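Visitor:
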Amino acid sequence: EEFPHLPIHVHTHDTAGTGVASMIACAKAGADAVDAASDAMSGTTSQPSLGALVASTSGTDLDTGLDLNRISAVNEYWEECRGIYAPFESGQKTGSADVYIHEMPGGQYTNLLFQSTQLGLTGQWSSVKKAYAAANRLLGDIIKVTPSSKVTGDLAQFLVANNLTEEEVIEKAETLSFPKSVVEYFQGYLGIPPFGFPEPLRSRVIQGQTIEGTNGLSMFAGRPGADLAPFDFESNRQILEEKWGPASGKKDHTYKIRDLDVTSHAMYPGVFDEYMEHLSEYGKLSYLDTRTFLEGMQVGQELNVELEPGKQLVIKLIGVSTPDKEGIVNLQFELNGQPRMAHVKDKSTGPASAARPKALKGVEGSVGAPMPGVVLETKVSKGDKVKIGDPLVSLSAMKMETMVAAPVDGIVGRVVVTAGDQIEPGDLIVEIEE
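Counting with this note's numbering, you get residues 596 to 1029 for the letters of the sequence shown.
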């Protein structure tokens, strides 16, 4: 009523199973448009059913004017398509009304379910959901959309993995190695929440932290961009060309850097570099059909791949060996009728890794990994002097990066891990002599 010319467009997920009723209520309240999904793709953490909305409002003042028979015909196509993406289904079978308790966005629900499993929290999904509500309270009961929902999810998994309560987080905040996203949230990277940051948690989390690219700031006081230097697009382009383009001097780096690449790297440098590494190793995969890309080829299957008009490859998979002791698989195939062989690392197998020493409980200088993941970088060496909060090791797992910080002052006795190591929670990473 206050802004009669402003269209109101409502979007929701159907996690609790009330999506259709909610959208009809929104329409009655004056919404101009609501989102829905084709029946085969609707429900649970997707949008409410389009067919149900059309049928239930037919003949009323809210009649959509859509033909249910035509909608059903389109839905048949999406039923077929859904089968192609079956390997990526989350396993969620029904709605869940506890979304009203934990307030997890539907778009994050299934992603976090999968992420938690990969982080070794299998069987603890109910604990993760409860921890999500606790994390939300610790963060100040924030509006949860990307990327603030990711911050909440990262903190929730951190709580479960380390068996922490809300009270313990506040009490031990100065010595805990929080996920990077949580630290940056309290530094104001996402802006200032409507109700401000919760204290004393914020001050304890960012104690000793500085923001890269600023003049020693520990936190932003307003809009983050206002305190950052203007981005040098041309300089960044040159860096990318020297790293990934012909200027790198590497045979497989022939990629021409586009404006899109420069802006992508500016926003998501890590993701862009990962994509370029994949592109350099495997080339463009857009030539493959969706099913082959997602599921791979079956023995005996023949595949036609068109690289450009008039240039076609005929690939037939002949045989796949069992992995050897190093996890290498031999693939026999024909390329345009010619026999070929490739050797591929099966990442699901391989040599058993030696058991790693565990951090000693109750010994502050014995620093263990707070989460499972891969070591990105070690920040210290044997003999270095460190203070509480100094960075020791950078870890990454399932899009969640964590900087393990020194819990005590002292001298580094030894660094147990190196970049690329796969570690589990509690594995010893650094020893500090107090």
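Glycine included, C-beta positions come from ideal geometry on N, C-alpha and C.
Quick caveat, the model's predicted, so the values are computed rather than measured.
Cα-Cα, which of 922, 676, 937 and 600 is closest to residue 928?
Guide: Nearest in C-alpha terms to residue 928, of all of 922, 676, 937 and 600, is 937.
Visitor: Residue 980: buried (16+ other C-beta within 10 angstroms of its C-beta) or exposed?
Guide: exposed
Visitor: What does DSSP give as the partner residues of residue 986 in its beta bridges?
Guide: 1000
Visitor: By DSSP's criteria, residue 927 is part of a beta bridge. Which residues make up the other side?
Guide: 914 and 936
Visitor: Looking only at its chain, what residues have a beta carbon closer than 6 Å to the beta carbon of residue 950, apart from the 5 residues adjacent to it on each side?
Guide: The answer is none, since no qualifying residue turns up.
Visitor: Using only alpha-carbon positions, find the residue among 716, 755, 699 and 772 that is nearest to residue 736.
Guide: 699
Visitor: Tell me the DSSP secondary structure of residue 774 in three-state form.
Guide: strand
Visitor: Just mark residue 920 as buried or exposed, buried being the case when its beta carbon has 16 or more other beta carbons within 10 Å.
Guide: The residue is exposed, with fewer than 16 neighbouring Cβ atoms inside 10 Å.
Visitor: Taking C-alpha atoms, which residue in 965, 612, 664 and 836 lies nearest to residue 692?
Guide: Out of 965, 612, 664 and 836, 612 has the C-alpha closest to the C-alpha of residue 692.
Visitor: Below 8 Å on the Cβ atoms is my contact criterion, and I expect residue 840 with residue 814 to pass it. Report the Cβ-Cβ distance as a whole number of Å.
Guide: Not really, about 37 Å apart at Cβ, beyond 8 Å.
Visitor: By a C-beta neighbour count over all protein chains shown, 10 Å radius and 16 as the cutoff for buried, is residue 739 buried or exposed?
Guide: buried
Visitor: Rounded to the nearest angstrom, what separates residue 646 and residue 759 at their Cα positions?
Guide: 45 Å
Visitor: Does the beta-carbon distance from residue 650 to residue 663 come in below 7 Å?
Guide: yes
Visitor: For a test of the three-state rule: what should DSSP assign to residue 1023, helix, strand or coil?
Guide: strand
Visitor: Are residue 713 and residue 993 close, meaning C-beta to C-beta below 7 Å?
Guide: Yes, they are a contact pair.
Visitor: Using beta-carbon positions only, say whether residue 965 and residue 830 come within less than 7 Å of one another.
Guide: Their beta carbons are not under 7 Å apart, which means residue 965 does not touch residue 830 by this criterion.
Visitor: Using only CA atoms, which one of 906, 1021 and 886 lies nearest to residue 953?
Guide: 1021
Visitor: Between residue 822 and the rest of its own chain, which residues show a CB-CB distance below 7 Å, the 5 nearest in sequence each way excluded?
Guide: Excluding residues up to 5 positions away in sequence, 809, 812 and 815 lie with their Cβ nearer than 7 Å to the Cβ of residue 822 in the same chain.
Visitor: Nearest-angstrom Cα distance between residue 858 and residue 866?
Guide: Put simply, the backbone Cα of residue 858 is about 12 Å away from that of residue 866.
Visitor: Would you kindly work out how many angstroms separate the C-alpha atoms of residue 620 and residue 701, rounded to a whole number?
Guide: Between the alpha carbons of residue 620 and residue 701 lies a gap of roughly 19 Å.
Visitor: Can you check whether the CB of residue 977 is closer than 7 Å to the CB of residue 1009?
Guide: yes
Visitor: Using 10 angstroms around the beta-carbon of residue 780, count the other beta-carbons present and answer buried if the total reaches 16, otherwise exposed.
Guide: buried
Visitor: DSSP three-state call for residue 661: helix, strand or coil?
Guide: coil
Visitor: Is the distance from the Cβ of residue 1005 to the Cβ of residue 957 below 7 Å?
Guide: When the beta-carbon positions are compared, residue 1005 and residue 957 stay at least 7 Å from each other.
Visitor: Tell me the residue span of the beta strand (DSSP E) that contains residue 961.
Guide: Run containing residue 961: 961-963, per the beta strand (DSSP E) assignment.
Visitor: With distances taken Cα to Cα, identify the nearest neighbour of residue 602 among 618, 629 and 610.
Guide: 629
Visitor: Please report how far the alpha carbon of residue 766 lies from the alpha carbon of residue 860, in whole angstroms.
Guide: 38 Å
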